[in-house]
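First comes the structure, then the notes that go with it.
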Amino acid sequence: MSQRLALTPGEPAGIGPDLCVALACTRPASPLICIADPQLLQQRASLLGQTVRIREVDDLQDPSHYCGDGQLSVLPVRLDTPCLPGQLDTRNSAYVITCLTRAAQLCQAQTLAGIVTGPVQKSIINDAGIPFSGHTEFLADQAGVHRVVMMLATPGLRVALATTHIPLREVADAITRESLTEVLNILHADLVSKFGILNPRI
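If you read the sequence shown in our numbering, its first letter stands for residue 134, the second for the next number, and so on.
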């Protein structure tokens with residue numbers, strides 16, 4: 134299985150494309166392949182005064198595809214309408230979903246190993262008539278799984294969430310014995326299998 138990661142910029146009018154450009158300017162290079170509109174990224178690089186070589190990807194196995202050292206490898210997904218920084222447009226909401234869907238499909242096919250996601254603007258996606266509550270729920274639906282656990286992790290602390298993306302007033306009702314048991318079982322199993330902690334303390 135590939136160790137490369139998909140990089141999705143998220144909302145095209147937001148900071149996500151800027152972050153992709155910033156990553157392209159870092160050293161050493163990272164095994165990231167951006168799934169986005171190449172023209173959007175080139176325009177954002179110009180606005181930021183950065184020189185970035187955009188390489189459109191056709192063969193994801195090509196070892197010369199990476200992010201960094203002034204290069205950004207991009208699997209092209211075209212915007213539906215031109216984009217200006219800071220100006221949200223519902224016409225590009227489908228583009229955001231298409232980038233995420235493509236990334237999820239490549240991971241499910243084991244062509245890529247995971248996804249690094251840029252921030253999305255959920256309200257503009259919903260305003261376009263697309264139901265979307267967050268990356269966590271979207272990716273769970275793409276994978277066809279009932280229960281997923283979001284974890285925020287640092288070298289010294291890992292925080293797993295019992296609920297995600299619901300109003301605070303609904304949290305208490307959303308936590309049941311059954312749901313919490315599912316979260317704890319998933320958390321324990323992954324701390325052992327993915328983090329190598331033989332006896333996790335939760």
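Beta carbons are placed, not taken as given, at the ideal position from N, Cα and C, and that holds for glycine.
Three-state secondary structure assigned by DSSP to residue i
i, result
"residue 266", "coil"
"residue 168", "strand"
"residue 234", "helix"
"residue 315", "helix"
"residue 291", "strand"
"residue 184", "coil"
"residue 333", "coil"
"residue 149", "helix"
"residue 243", "coil"
"residue 285", "strand"
Rounded straight-line distance, which links the Cα of residue j to that of residue i
i, j, result
"residue 328", "residue 290", "12 Å"
"residue 255", "residue 266", "7 Å"
"residue 225", "residue 157", "24 Å"
"residue 173", "residue 229", "13 Å"
"residue 190", "residue 234", "17 Å"
"residue 195", "residue 179", "27 Å"
"residue 294", "residue 275", "20 Å"
"residue 296", "residue 322", "18 Å"
"residue 282", "residue 319", "7 Å"
"residue 292", "residue 286", "6 Å"
"residue 183", "residue 253", "23 Å"
"residue 197", "residue 159", "16 Å"
"residue 214", "residue 227", "11 Å"
"residue 150", "residue 288", "27 Å"
Buried versus exposed call for residue i [16 or more other C-beta atoms within 10 Å across all chains shown]
i, result
"residue 177", "buried"
"residue 300", "exposed"
"residue 262", "exposed"
"residue 251", "buried"
"residue 278", "exposed"
"residue 239", "buried"
"residue 333", "exposed"
"residue 316", "buried"
"residue 242", "exposed"
"residue 330", "exposed"
"residue 161", "exposed"
"residue 298", "exposed"
Beta-carbon separation (whole angstroms), residue i vs residue j, contact threshold 8 Å
i, j, result
"residue 169", "residue 232", "6 Å"
At least three beta-carbon pairs within less than 8 Å, the region 138-158 to the region 210-226:
yes
Segment contact, 8 Å Cβ cut-off, at least three pairs: the region 201-215 with the region 163-179:
yes
Give a yes or no on contact between the region 259-275 and the region 304-321, applying the rule of three or more CB pairs nearer than 8 Å.
Pairwise C-beta distances place the region 259-275 out of contact with the region 304-321, as fewer than three of them are shorter than 8 Å.
For the pair the region 245-255 and the region 135-142, tell me if three or more CB-CB distances fall below 8 Å.
yes
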